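Okay, so here's the structure we're looking at.
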Amino acid sequence: MLDTDIVARVIANIGRTGFDAAYLELARKTLDVSSCSAFFISDTANPAPIVLEGFGEEHRSKTKDAGSTYVESGFRDDPFLKSIGAISDLYVRLVSPQGIGDHGYRKHYYEDLDIVSEINVLGRVGRKRFNIGFYRISGKKSFSEVDLEAARMLAKISLPVLSRHLELSRADPEYQDAPVDTPVAPGAAAGKPVLEHLSAVLMAEGHGLTPREAQICASIVLGYRTLAISLNLGISENTICTHRKRAYAKLGISSQNELFSRYFRTVTRFTNQAA
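According to our numbering, the residues represented by the sequence shown are 92 to 366, in order.
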């Protein structure tokens, strides 16, 4: 089973600079990885890095450097990327560096990083294709078939999250719920008590918000994006947009910035009292 608190942290960091670290934390908790990477694979351009993260400063630096050379030219020699066009949904496999025939590729992307075992994931979200790698360095056991199933579960949950993070971090002009600049109170984004408190405040103010509308507005104040709210509450993104529009009308506001301005102090006071 995935750690739901860490999953919530990953979701809360969609579109934020803390996403890589949160995703590595989830991968470490689930698979005991040393590092991980995720790339968007395009038909018309070089791969785009989504996550390049390693545990510890030295390994993090090596992971990012290797990711940079991969997107520049290394992907052309990736023996596993050649099969991505045939992937209709999700493909997960164990990789042993010793089984990679290209010595230069093996040395640069495995031996120089001290990687002894990998789980490689190729997956799709709609028409978007992704290449994900989970790695262990020397001193750890190689991944097993049990780990493979855990990686499959992690990939199924994280692929749509990676897709939306890509859209937000690229400032996709087609995405209408772009991040705002207002910072989230430390520790608040993934905090259930804060969410419940703010929902109660919204309900008690007499604006006539339904419980669902209050939950959605509270989630927005805490930094959740539409996909994150959808996953947390188990409702569609279209339903969230409908509830949000009704709630804004009842509150007499028209934007996220107005919502943040009105309720951010409530969050800050609560988290300071709880600290």
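For each residue, glycine too, the CB sits at the ideal point set by N, CA and C.
Quantities reported herein were computed from a predicted structural model and do not represent experimental measurements.
- Annotation for Leu-318: Arg-255 place their beta carbon closer than 6 angstroms to its own, counting only its chain and skipping 5 residues before and after.
- Of the residues assessed, Glu-240 falls on the exposed side of the cut-off, its CB having fewer than 16 other CB atoms within 10 angstroms.
- Pairing Tyr-196 with Asp-168 gives a Cβ-Cβ distance under 8 angstroms.
- In the structure shown, Tyr-182 adopts extended strand secondary structure according to DSSP, grouped into three states.
- Of the candidates Ile-191, Thr-301, Gln-306, the residue whose Cα lies closest to the Cα of Leu-289 is Gln-306.
- Shown here, Asn-323 sits in a helix according to DSSP, grouped into three states.
- About 12 angstroms separates the beta carbons of Ala-340 and Cys-308, which is beyond the 8 angstroms limit, so they are not a contact pair.
- The residues Val-183, Ile-223, Ala-246, in chain order, have a CB closer than 6 angstroms to that of Val-212 in the same chain once the five nearest residues on each side in sequence are set aside.
- Of Gly-314, Val-142, His-334, the smallest CA-CA separation from Arg-100 is found for Gly-314.
- By the Cβ neighbour-count rule, Ser-345 is exposed, with fewer than 16 other Cβ atoms within 10 Å of its own.
- Boundaries for Ile-344: no alpha helix (DSSP H) harbours it, and the DSSP string shows neither H nor E there.
- Non-local C-beta neighbours of Ser-233 in its own chain, meaning closer than 6 angstroms and more than five positions away in sequence, comprise Ser-208, ordered along the chain.
- Note that the region 140-157 touches the region 95-115; at least 3 beta-carbon pairs, one per stretch, sit closer than 8 angstroms.
- The three-state secondary structure of Val-124, taken from DSSP, is coil.
- Cβ neighbours of Leu-181 within its own chain (closer than 8 angstroms, five residues either side excluded): Val-212, Leu-213, Gly-214, Arg-215, Arg-243, Ala-246, Lys-247, Leu-250.
- Burial is judged here by how many other beta carbons sit within 10 angstroms of a residue's own beta carbon; Asn-329 has fewer than 16 and is exposed.
- By DSSP's assignment, Gly-230 forms no beta bridge with any residue.
- Non-local C-beta neighbours of Lys-155 in its own chain, meaning closer than 6 angstroms and more than five positions away in sequence, comprise Leu-143, ordered along the chain.
- Proximity to Ser-128 across Thr-357, Leu-253, Glu-287, Pro-302 peaks at Leu-253, based on C-alpha coordinates.
- Glu-149 counts as exposed, since fewer than 16 other beta carbons sit within 10 angstroms of its beta carbon.
- Ile-228 sits close to Ile-206, with the two beta carbons spaced by under 8 angstroms.
- Shortest Cα-Cα distance from Arg-316 to any of Tyr-226, Cys-332, Thr-301 involves Cys-332.
- Residue pairing from DSSP places Arg-220 in a beta bridge opposite Ile-132, Arg-215.
- Closest option to Arg-218, judged by alpha-carbon separation, among Ser-235, Leu-204, Tyr-226, Ile-178: Ile-178.
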